[in-house]
Structures are given as structure tokens and as C-alpha cells.
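Below is one structure; the comments refer to it alone.
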Amino acid sequence: MSEVLINPVANLDTVAVAATTPEKAQPWKELGLKEDEYARIKEILGRRPTSSELAMYSVMWSEHCSYKSSKIYLRQFGEKVTDEMKKHLMVGMGENAGVVDIGEGWAVTFKVESHNHPSYIEPFQGAATGVGGIVRDILTMGARPIAVMDQLRFGAVENPDTARVVHGVTAGISFYGNCLGLPNIGGETVFDKVYQGNPLVNALSVGALRHEDLKLAKASNPGDLVILFGARTGADGIGGVSVLASETFDSTGPAKRPAVQVGDPFAEKVLIECCLELYHAGVVAGIQDLGGAGISCATSELASNGGAGMRVDLEKVLKRDESLTPEEILMSESQERMMGIVPKKDLKAFVALVEKWEVEYSILGEVINEDRLYINWHGEEIVNVPPRTVAHDGPVYHRPVAYPAWIDALNADTVVAAGLARANDNATELAAQLVEVVSSPNQADKSWITDQYDHYVGGNTALAQPDDSGMVRVSEETGLGVAIATDANGRFCQLDPYNGAKLALAEAYRNVAASGASPMAVTNCLNFGSPENPEVMWQFQQATAGLADGCLELGIPVTGGNVSFYNQTGDVAIHPTPVVGVLGVIDDVARRIPSGWQDSGHNIYLLGVTRDELDGSAWAGVIHDHLGGKPPVVDLAGEKALADLLHGASLQGLVASAHDLADGGLAQAVVESSLRFGVGARVWLGEIMERDGLDLTAALFSESTGRVLVSVGREDDVKFVGLCEARGVAVLRIGVTDEAGAAAVVAIKDVADFSLESLRGSWKATLPELFG
Amino acid sequence: MKIGVVTFPGTLDDRDAARAVRIAGAEVVPLWHADANLHKVDAVVLPGGFSYGDYLRCGAIAAQAPVTQAIVKAADGGLPVLGICNGFQVLVESHLLPGGLIRNENQHFICRDQRLRVENVDTAWTNQFELNQEIIIPLKNGEGGYIADAETLKRLEGDGLVAFRYLDVNPNGSMNDIAGLRNERGNVVGLMPHPEHAVEAGFGPDKAGTMRSGIDGLKFFESVLKAVVNA
Chain X
105 MSEVLINPVA
115 NLDTVAVAAT
125 TPEKAQPWKE
135 LGLKEDEYAR
145 IKEILGRRPT
155 SSELAMYSVM
165 WSEHCSYKSS
175 KIYLRQFGEK
185 VTDEMKKHLM
195 VGMGENAGVV
205 DIGEGWAVTF
215 KVESHNHPSY
225 IEPFQGAATG
235 VGGIVRDILT
245 MGARPIAVMD
255 QLRFGAVENP
265 DTARVVHGVT
275 AGISFYGNCL
285 GLPNIGGETV
295 FDKVYQGNPL
305 VNALSVGALR
315 HEDLKLAKAS
325 NPGDLVILFG
335 ARTGADGIGG
345 VSVLASETFD
355 STGPAKRPAV
365 QVGDPFAEKV
375 LIECCLELYH
385 AGVVAGIQDL
395 GGAGISCATS
405 ELASNGGAGM
415 RVDLEKVLKR
425 DESLTPEEIL
435 MSESQERMMG
445 IVPKKDLKAF
455 VALVEKWEVE
465 YSILGEVINE
475 DRLYINWHGE
485 EIVNVPPRTV
495 AHDGPVYHRP
505 VAYPAWIDAL
515 NADTVVAAGL
525 ARANDNATEL
535 AAQLVEVVSS
545 PNQADKSWIT
555 DQYDHYVGGN
565 TALAQPDDSG
575 MVRVSEETGL
585 GVAIATDANG
595 RFCQLDPYNG
605 AKLALAEAYR
615 NVAASGASPM
625 AVTNCLNFGS
635 PENPEVMWQF
645 QQATAGLADG
655 CLELGIPVTG
665 GNVSFYNQTG
675 DVAIHPTPVV
685 GVLGVIDDVA
695 RRIPSGWQDS
705 GHNIYLLGVT
715 RDELDGSAWA
725 GVIHDHLGGK
735 PPVVDLAGEK
745 ALADLLHGAS
755 LQGLVASAHD
765 LADGGLAQAV
775 VESSLRFGVG
785 ARVWLGEIME
795 RDGLDLTAAL
805 FSESTGRVLV
815 SVGREDDVKF
825 VGLCEARGVA
835 VLRIGVTDEA
845 GAAAVVAIKD
855 VADFSLESLR
865 GSWKATLPEL
875 FG
Chain V
106 MKIGVVTFPG
116 TLDDRDAARA
126 VRIAGAEVVP
136 LWHADANLHK
146 VDAVVLPGGF
156 SYGDYLRCGA
166 IAAQAPVTQA
176 IVKAADGGLP
186 VLGICNGFQV
196 LVESHLLPGG
206 LIRNENQHFI
216 CRDQRLRVEN
226 VDTAWTNQFE
236 LNQEIIIPLK
246 NGEGGYIADA
256 ETLKRLEGDG
266 LVAFRYLDVN
276 PNGSMNDIAG
286 LRNERGNVVG
296 LMPHPEHAVE
306 AGFGPDKAGT
316 MRSGIDGLKF
326 FESVLKAVVN
336 A
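The listed protein sequences correspond, in order, to chains X and V. When the first sequence is numbered by this note's numbering, its final residue is 876 and no position is left out of the sequence of numbers. When the second sequence is numbered by this note's numbering, its final residue is 336 and no position is left out of the sequence of numbers.
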């Protein structure tokens, strides 16, 4: 340590040294690079890289940063689009987050990102910094972050390790998100043994901005200053990107705990307010957050995006630990840092604002008119590279793809072929199955988790968990707002990744429509196993194609996303889990549709057609521990018609509530609609069974898509049914809403009368009993 | 009528508090932690959040801020002050109200629509309620467990200084179900629940049978308007 302080350049691997010592052995393999990648770096530079350059290339060319295995598939999200789909897109894929014009001079930006691997090693900090990272992506676009959501997948509830991860992740999100002052408006929680050694922690954030406040991550004007501000740089997360995000976990390997970043939400909250004031004052020409790959990423991307170069003195970085080497500083993933490009004339104003917020800053260097990124360390040149080769010209892989050997057998193992017993003739057993499905961990009340999140802060939350979508007001003057829903059914994706991805899209789209908003844009977080496994690559190929085709069919563009590979323990990959987020716009959030009935005596209508589709369903999983067959049929034209109908009905104020049908089918939807406000219901299934040719089990538990349950006041009845008929959406009255209060019941004819209080008890008790 | 809303680094609900003040019909004056000038406001709201990251102890650092020192002095002179959540913690750390607030009994942060009983209406912030009125106000905190020594508790109860009490559920293990307090003079009120989140229909807590329609919190701000006019 003392030697470092006395002579910081002793034994330094400078550009000059690298040029004269071509034979020196370098740890490219340990840093996650392949032999041909190392050779390519040497070819680009015309010499061996310095150790600092090697650090930069290794993190930036990692799977996590370069998308090298997924790039060729992600292109179709930009290609399978029409001009109409691009109409509202202000910034598309490739930036920190996509930006969508929602009218009235407002735009929104949203994105979902994974923090899976860190969250398994250290659930609390992994989940916390996942929230922090996605919020900085949103902030980087010039937007005020206005809400967050989380998409979580945990292992089996009965495995003792699951509680460790659940507690850590929930507390981490609660700690970080609550302290940032961002309402958590919903998300997903799923338990399945396939996620045992590899939980999924995805975090979504949405932000709002005026059109003129849009910021881009680019440094284009020579002479502008490069300023690093926010938290100091420490040793956290070093190697995190290339090591953590690119390898599977092996219980015999070395402990990797130190690679996880540690978050300070207070520093981030101050940084948010500080950045927004800097934007407002117009003193930053470009901005980039520091997340994965830290300064390596920020410098090379800013320069590459701006078509310019940069000269940086790395010793000027403010450090928490003075013994950090330049390589470590370049790779550090310390949280709560931003890099701003500031015109010299605006420096004084910049400094005044960061000092007001007591945010530390250091001027690292400036933008230059040369296609080069120079980084010096105490006057010695340690990096001299074309920025584009680090940031954008990483390797592109055409990985082998193979049709899974097991999938035909899985598809053949339908609920019929497997002979799963149906209790059609035994009302008592059917009633017990209903309670079992509704109170199973994946279907049960999630408030044990969501009550640990602040959903009020900001005062603009119009809908939040347990509603179908989260909805926030953007304009306090007009009520203009956005709704977001995310979905991914890993079981369906395991059976058929192409249609599974479409199903995720369809469900998120339907959830947004059911809230009264018009779906407008898509984001995604594609969680898969190892890309080195050709069968996993097939799943990825299928899922991306399904999602791109589905978006084209629905006419809503993908604005950005994230890929997470290597989600597996040993050789066993997770179910493909393409989390799809759909954002919708609503002209006035006062028009939003509740997800449960609030009045008695309303008619209950089922929109859409039910098929006998129980393969992969919650019923098959919960009652029979079975997964096989083919997922439900997706009809995106039907989804579109349904969404248009709901929009029309909402504009005319015809529906009092709407709730989408998904896992657990009609049974789940009826129970949840009753539980939402404690209003009972009387439901009969005879007419659906007759019209759609179903038995009782299928009527209750089928997971056919394109269906929504609505309640309609009697005065709007004729108008509503007329609207459905005019738009060609199948409509059937299946019940009436009943009394509220302690005696409220959900009465399903030919099955049972369930006391609402007792249903609530079972539904609410599951998670507290497991984790409380 | 001018009501100051304080922002410390880490304050989160300042914009919500400002909105509540505006909806009640008063003018908002933003007050900055480092500035001891109260700009001649007629009342002050210390909003919720995590001032200074809740480092050391919730509200402990904020209690030392220049603006807080000025508020303490003005409160001693009768200025109406409302401390919400972290603001309540600041009031306790400043000794404007007695006792302390500790980690919730169940160790988790909790966010819920909370039923409260208004137990004292002789204050600047509660005079528009009826005595024993039951209201629903969102609660969200990690360290909201109210504690005090036996003697203080006895005094609080004996002198009618408990302003709000939790009903149905004691969400954080507070002694005597105490949700909020007033000082002897009645100008200072602090509570853990968030009245500023129940001032606008559509964005408040659920009421029986109607979604997010609760606006019971508005009366806090209407009360202070009345108190200042009558003062």
C-alpha cells in the first residue's frame, strides 16, 4: 500500500511498455475472454493490450455488456416494425432506455433489467442495487423516475434456502426503493423449483420527461469536460460484470461474495434530485450512468455514441480506497455514480448545483476531436484505443442452435394423455381444488411482499398491486398517465418458447387494456440458461421470434430490454422466462377501471371464448404436479379486439370493473374480483359449458387467453352487450355481484358457496405462513 | 396564508406535502435544510422520507440542521408544526415531542391503509376533526414503533397528549397503540401515518367499496388554516 502511494507508476503496464513486451502472458482467460477475442484485441490495437485495456475490453465484451450471443436475434425487434409503430417512438433500442411520446408534450421512458446472479449470492444487496441500476438508466434519459416494479422468481417454497432468498430480495428492494421515494406499483412473484439455484430478480423503472428535456449518452463537442460525480469509487463489483454475469454457480468454486456491489439509496436519491436540477439548468450536454463495467463503459460509450474521443486522467477519480489500481478503477461497479459531459462555459453553474446537493465531483478530462480514448495514470498513458471497438464493435456470435431432444415427449404428455383426474362429478372435491389453487403460493395474496414497499409516495399512484396493472399519473393538470403490466409464464415457455413469449406479451397487453389504458410500447427482460447450450439457444431464438412477431401483430414496438443468460445451476437451465412489460397510456387516470367489483347487483360478464386448455395450467401444477402438453392458443387479433372494446367501454364508462383471466383461470379471476373490495358474487357455469363445450374443470381452471371478466351496472347493460356484439367479442353473462360484508359469499352453482372471509383467510395466509 | 414544507437531503414526501397544502388552499413555501430563514411562514410541515439516509438514527441528523433549529425556536413561540413519519422522528429527536421511535416490531417496512382514532382535537392540526372520529390514513414506515418510559406514557395519557391511536392493528408495536402526539400547547403535532397521501380522491387509501377515495388527511391541513386565521 505504501509503495502505491509513494510511486503510483511503479510496475505500471503502460502503452509504451505493452509495445515493447509483446510476449508478456496476460490473464485474458481469467477475465472471461476467449482466445480469438484476445487475438482480435491485439489486431485492433496492433500490439498487446495494456492490463487496463484488457480490463476494459474484457468487461465490455462480456455477455452482459456486449449481448454477443443475443445480438443477431435482438435485431428483429428493430426490423419487424411498421412506420405506424415507430410514430410515437422518440428513442428506440440501443440507448439506456427507450422513450415514447405520450402526448401533451410528455414522454415516458421505461425499461426492465435483471440482477439475477448477484441476488443469489447476496440477495439483499443484489436486489437493492438492481433497483438502483435501473433507476439510473431512466434518470440518464433526462426523466424523473416515477415508479418501479419487480419481477421475481424464487425456488420451491418447501426448500429451506428459498426463505433466505425471499427475505433478502424483498428487504433489499424495500430498503432501496422506499428510500428513493419511488412508488412500487406491482410486479410478479413466482415460485418454482427450476429457480432454486438461480432466482430471477428483474427490476423495472419508468420515468417521465418533457420532450425538450430528453438527454442522450453522448460526448460530441471537443473541449467539453468529462466529470464524474456522485459516490466515490471503491472496490465493489470489480469483475462483477464478466465473472458474475457470465458464469454459472458451482458449489465447489471460490466464494464470489466480494464481487457484489453495495448500494446507498440515500446517495442515489440525492443524485436523482441533483441530476434533475442539472438538466433543468441545461448544463449537461450528455450523461451516462455507471453500472456494469463502470468507467470503462461510461467513457467508451459516451465517446463512441458522440462520434468523438476523450482524454481522461484516471488518478483524478475520487476513491474510497487509495490503494485501488487503475485496472480496478476502470472495472469498479461502485453504485450511485454518473458521468456528465459539461461545456466549459457551464462549469460554474454545474459546480454550484452539485455543491448545493453536497455531491462530490471530479473533472477527469475532456472530449477531443479524435477517434481515440486516451486514459492516463499520473501522466503515463495506460489506455489508447478507438472507443467504438470497446463499446460497440464487440464480438458477435452465431451460437449453435438445436431443437431440444426432450421437447416432443414433453409436448405429447398432455393432461389428457397423462390421464389427470378431473373431479367433475364430485362437487366437494372440486371446491377443495378451487381453494387449493387459489391459495397455492403462486396464486395466493402477495401482500406479505408488496406491503413492504411504499406504493403511495409521489401521490400519483392510480393503481398498484393487486390490480392488473400499475398506473401512475404523469400530468397533474390533465390526469394523463401511464399503465404498466409485466408477465412471463415460464411453464408455458418451457412447453413452447415461441408461443410462450407471445402469451407473455398477450397477457401484459390484456392487463394494460383491462385497466382502461391503450397499450403503446414493450420492454423485455429475457432470462435464459446458458447460450453455450444449443437447446437453450433454440429456446432463445424461438422466444425472440415469438415476441417480435407478436409485437408486429399488435402494432406496438419494443423500445428496449435486457438479456440475462447463464441462469442455471450446474447443467440444468431455468424455464425460459422472457419477462414482457407493456406500457399503455390513458388520457385521464380518473377513467381507470378497478380490478374488482365494488357494487352489488351488477351483472358479471365473461368476454372471450374458453377452450379446454389445461396443459401447463396452475390447476395441472398445483393439483397434479404436472407440466406437459402445449400452452393455450394465442390469438393476438382477438386480444386487439378485446383491448379496443375495453377502451371503448371505459371511455363511455360502461364497465365498473375488469379483471383479466390468466393463471388459475375463471376460478381465480372470480375469487380475486370478489376479494379486491370484499363484494361477493353468484356465478353459474352452465351456459359457458354448453356454448364452449366444456366440463366443469375446464370451465373453472382452463387458461384460455383473450378473456376478461367485467362487471357492468344494470343501467349500462344493454349498451355494453351491444358494444361487444358490434365489435365481435364473445360475451356471456355468467353471474351477478352480491352482498358485501361478513356474510359475503362467492357462490358457484354446482360447485359450492364459498364464504368470502374464509377464502380471504386461505388466500392471505399462504405467504405469511411460509415466510412470516 | 403561507405554509413551509421542509426538504432535507433524502426527504421523499415533500412534493406530496406541498400538494396537500395547495389543495387545502394555502401557499407553499419550500424550506431548505441548510437555510435557517423560515421566510415568515405561518406554519411548517416536516414531511416524510429518509433525511440524511436515516444514518445514525432516524431524524437525528435532521434535528441538527439549521432549518430545524429555527423551527424549534419558532415552535416554542407558537408556530404550528406538523411532523409526518420522518418529520415525527425529527420532532422527537428535537425534543419538541417526547419519547422515541424504533424499528417496527416485525422488523419489516410496512405500507398499509391504517385506521386511526382522533383522540385530541384541540390542536392546530386536528381542530377540524370530531373527537374520537375514525379515519383512514396510509401508513408506511420501517421505524415507527413508539416508545417512552412509564412516567412519560402516564403523563401523555393523563394530559391528553395522545393525538392519534391505531385501530384494528397495531402495525409497528407502538406502546399504547400511539400513532401520533401533540405538545402541551397544541401547536406541534407529530404522527407516523401520512395525511398528505389522503387528500385527493383517486390517489388516497381505499374506502369501503370505493377505490382510493379516502381524503381524511385533508382535514389536517384545513385545521391549520383555521388555526392560523383564528390566531
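Cβ coordinates follow ideal geometry from the N, Cα and C atoms, glycine included.
Opening and closing residue of the beta strand (DSSP E) in which residue i lies
{"i": "residue 225 of chain X", "result": "Here residue 225 of chain X belongs to no beta strand (DSSP E); instead the alpha helix (DSSP H) covers 220-225."}
{"i": "residue 465 of chain X", "result": "465-472"}
{"i": "residue 807 of chain X", "result": "Run containing residue 807 of chain X: none; DSSP gives neither H nor E here."}
{"i": "residue 137 of chain V", "result": "132-137"}
{"i": "residue 389 of chain X", "result": "First-last for residue 389 of chain X: undefined, no H or E at that position."}
{"i": "residue 245 of chain V", "result": "239-246"}
{"i": "residue 282 of chain X", "result": "Counting along the chain, residue 282 of chain X falls outside any beta strand (DSSP E), though it belongs to the alpha helix (DSSP H) covering 264-284."}
Where the alpha helix (DSSP H) through residue i begins and ends
{"i": "residue 790 of chain X", "result": "790-796"}
{"i": "residue 257 of chain V", "result": "255-263"}
{"i": "residue 455 of chain X", "result": "451-460"}
{"i": "residue 597 of chain X", "result": "594-599"}
{"i": "residue 298 of chain V", "result": "Counting along the chain, residue 298 of chain V falls outside any alpha helix (DSSP H), and DSSP gives it neither H nor E."}
{"i": "residue 552 of chain X", "result": "551-554"}
{"i": "residue 149 of chain X", "result": "139-149"}
{"i": "residue 498 of chain X", "result": "Run containing residue 498 of chain X: none; DSSP gives neither H nor E here."}
{"i": "residue 560 of chain X", "result": "Here residue 560 of chain X belongs to no alpha helix (DSSP H), and DSSP marks it neither H nor E."}
{"i": "residue 177 of chain X", "result": "175-183"}
{"i": "residue 430 of chain X", "result": "430-435"}
Reference residue i, options the options, closest by Cα
{"i": "residue 704 of chain X", "options": "X:305, X:817, X:584", "result": "X:817"}
{"i": "residue 857 of chain X", "options": "X:311, X:535, X:693, X:528", "result": "X:535"}
{"i": "residue 497 of chain X", "options": "X:123, X:663, X:409, X:224", "result": "X:409"}
{"i": "residue 155 of chain V", "options": "V:229, V:212, V:190", "result": "V:190"}
{"i": "residue 322 of chain V", "options": "V:298, V:316, V:331, V:314", "result": "V:298"}
{"i": "residue 417 of chain X", "options": "X:462, X:590, X:368, X:478", "result": "X:478"}
{"i": "residue 812 of chain X", "options": "X:850, X:823, X:763", "result": "X:763"}
{"i": "residue 664 of chain X", "options": "X:715, X:197, X:566, X:126", "result": "X:197"}
{"i": "residue 139 of chain V", "options": "V:172, V:232, V:205", "result": "V:172"}
{"i": "residue 614 of chain X", "options": "X:751, X:493, X:219, X:550", "result": "X:751"}
{"i": "residue 746 of chain X", "options": "X:824, X:790, X:299", "result": "X:824"}
{"i": "residue 653 of chain X", "options": "X:739, X:636, X:698", "result": "X:739"}
{"i": "residue 251 of chain X", "options": "X:564, X:782, X:832", "result": "X:564"}
{"i": "residue 205 of chain V", "options": "V:250, V:125, V:281", "result": "V:250"}
{"i": "residue 781 of chain X", "options": "V:332, V:320, V:311, V:328", "result": "V:311"}
{"i": "residue 545 of chain X", "options": "X:419, X:767, X:151", "result": "X:767"}
{"i": "residue 841 of chain X", "options": "X:806, X:783, X:795", "result": "X:783"}
Whole-Å CB distance - residue i paired with residue j, under 8 Å assumed
{"i": "residue 655 of chain X", "j": "residue 401 of chain X", "result": "Between residue 401 of chain X and residue 655 of chain X the Cβ distance is about 28 Å, and since that is not below 8 Å, they are no contact."}
{"i": "residue 427 of chain X", "j": "residue 337 of chain X", "result": "12 Å between Cβ atoms; not a contact."}
{"i": "residue 387 of chain X", "j": "residue 446 of chain X", "result": "6 Å"}
{"i": "residue 647 of chain X", "j": "residue 682 of chain X", "result": "5 Å"}
Beta-ladder partner(s) of residue i, from DSSP
{"i": "residue 623 of chain X", "result": "X:688"}
{"i": "residue 761 of chain X", "result": "X:815"}
{"i": "residue 252 of chain V", "result": "V:205"}
{"i": "residue 165 of chain X", "result": "The partner list for residue 165 of chain X (beta bridge, DSSP) is empty, contrary to what the question assumes."}
{"i": "residue 210 of chain X", "result": "X:207, X:314"}
{"i": "residue 271 of chain V", "result": "V:221"}
{"i": "residue 322 of chain V", "result": "Its beta-bridge partners do not exist; DSSP assigns none."}
{"i": "residue 666 of chain X", "result": "X:629"}
{"i": "residue 253 of chain X", "result": "X:308"}
I want to know whether the stretch 179-196 of chain V touches the stretch 306-315 of chain V - three or more CB-CB distances under 8 Å. No: the two stretches stay apart, fewer than three of their Cβ pairs being nearer than 8 Å.
Determine, using beta-carbon pairs with one atom in the stretch 219-232 of chain X and one in the stretch 264-273 of chain X, whether at least three such pairs fall under 8 Å. Taking 8 Å as the limit for Cβ pairs, the verdict is that the stretch 264-273 of chain X does touch the stretch 219-232 of chain X.
Is there contact here, the stretch 689-696 of chain X with the stretch 617-627 of chain X, by at least three beta-carbon pairs under 8 Å? Yes, they touch.
Cβ contact check for the stretch 125-140 of chain X and the stretch 469-476 of chain X: 3 or more pairs under 8 Å: Because the criterion of three Cβ pairs below 8 Å is not met, the stretch 125-140 of chain X and the stretch 469-476 of chain X do not touch.
Looking at C-beta atoms only, is the number of pairs between the stretch 700-717 of chain X and the stretch 667-680 of chain X that lie closer than 8 Å three or more? No contact exists between the stretch 700-717 of chain X and the stretch 667-680 of chain X.
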